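All you need for the working numbering is the position in the sequence shown, starting with 1, plus 180. Data first, discussion second: the structure below is written as structure tokens.
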Amino acid sequence: LLPDELPQAVADDEPDLRAEAFDALWSNRHLMARNTLVADTRAALRSDRDDLVLAATYAASELRSPRLVDSLEPLMEHQNAEIRNKAVYALGRIGDKRATKALLDRLPKVRESRMLNNIAFALERLDKDAFYASIDDVIEHKQAIIRLNAAFALGDVRHPEGLPLLEAALQDPSDFVRTSAIVAVGKLGSVDDAQRKRAEQALTPFVDDPNLSVRQEAIYALHALAKDGRRDLIHDRLYKLSRRKHPDVVHRAALTLAEAGDVRVKSY
């Protein structure tokens, strides 16, 4: 096919070479008018072929056209998890505020950490206030897996605005949720001295937690907040554990200390 014949081939289903035609169209996008690319991506997003829809979600994230928002929104409910996630990612990259309501409506229903993470990134870009108001409800959800995922998402957006919500999650009855919240606090970026001190105070009690997993993540979160500090804590509380009983814990501690330039682990 010649390049100017590709758009019609994307729409034809006799024979069904739509996915191949769209791939060729995208490979030749430098020869196409932007309006043509957007129109054909819009058509591909609405097709009945998963491979074509998936390719179109990638194209949508690159084109970043607001004209694609109404075709991407329904894909958040698609049966294919890859398509769901790529559609949310594309909405975030497009950055059109019209997608905010659909993303907010989807947020409390999410059970997958990757999907929640993508929605969090998209919402945080589109409407930060709306995101934090909604995640506040999700982090108090009756199901522990939802609370865990919400804490994970707050850590991955890495903004200090999430600290008050994570402080609440640190008191969760579930060890898994608390651990996720501890890791998330350690990921917070751009914290000022007062926020860092507040985060460290929130984490410090967990250094003595009876659950080794909780204790371990608290120590590493403190290490991250201190910009590779607290090496003595890692050395004394984790590296000096029995290598026979806790080989993975000791190994991780040794590697972390080595990356921080601590010569005490040279022999290991």
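Here a beta-carbon is modelled for each residue, glycine too, at the ideal position from N, C-alpha and C. In this text, all values refer to a predicted model and were calculated from it rather than measured experimentally.
query: Runs of alpha helix (DSSP H) lying entirely within the segment 356 to 439, each at least 4 residues, in chain order; result: 373 to 383, 392 to 405, 411 to 414, 427 to 439
query: Residue 180 versus residue 248 - alpha carbon distance; result: The structure shown does not extend to residue 180, since the chain is modelled only from 181 to 448, so the question has no answer here.
query: Alpha-carbon spacing of residue 213 relative to residue 262, whole angstroms; result: 28 Å
query: Neighbour-count burial assignment, residue 285, 16 or more Cβ in a 10 Å radius; result: exposed
query: Helix, strand or coil at residue 445 according to DSSP, with G and I counted as helix; result: helix
query: 7 Å Cβ cutoff met for residue 340 and residue 368; result: yes
query: Environment of residue 275 [buried if 16+ CB atoms lie within 10 Å]; result: exposed
query: Inter-residue spacing [alpha-carbon to alpha-carbon] between residue 407 and residue 238; result: 36 Å
query: Cα-Cα separation between residue 230 and residue 260, rounded to whole angstroms; result: 8 Å
query: Residue 362 versus residue 396: straight-line alpha-carbon distance, rounded; result: 10 Å
query: Presumed contact (8 Å Cβ cut-off) between residue 441 and residue 400, rounded CB distance; result: At roughly 17 Å, the Cβ-Cβ gap does not stay under 8 Å, so residue 441 and residue 400 are not in contact.
query: Residue interval of the alpha helix (DSSP H) (run including residue 314); result: 308 to 318
query: Whole-angstrom distance between residue 235 and residue 207, CA atom to CA atom; result: 12 Å
query: Sequence-distant residues of the same chain with beta carbon closer than 6 Å to residue 448, five excluded per side; result: 434
query: Buried versus exposed call for residue 182 [16 or more other C-beta atoms within 10 Å across all chains shown]; result: Because residue 182 carries a pLDDT of 49, less than 50, the predicted location of this residue cannot be relied on, and the following value inherits that uncertainty. When all chains shown are included, residue 182 counts as exposed.
query: Of the listed residues 336, 421, 338, 364, nearest to residue 349 (C-alpha basis); result: 364
query: Backbone secondary structure at residue 182 - three-state DSSP; result: With a pLDDT of 49 at residue 182, under the threshold of 50, the modelled position of this residue cannot be trusted; read the value that follows with caution. Note: residue 182 maps to coil in three-state DSSP.
query: Integer-rounded CB distance, given that residue 287 should sit under 8 Å from residue 268; result: About 10 Å separates the two Cβ atoms, so there is no contact after all.
query: Local Cβ density within 10 Å of residue 342, reported as buried at 16 or more and exposed below that; result: buried
query: Under the three-state DSSP convention, the category residue 277 falls into; result: helix
query: Distance, residue 384 Cα to residue 421 Cα; result: 20 Å
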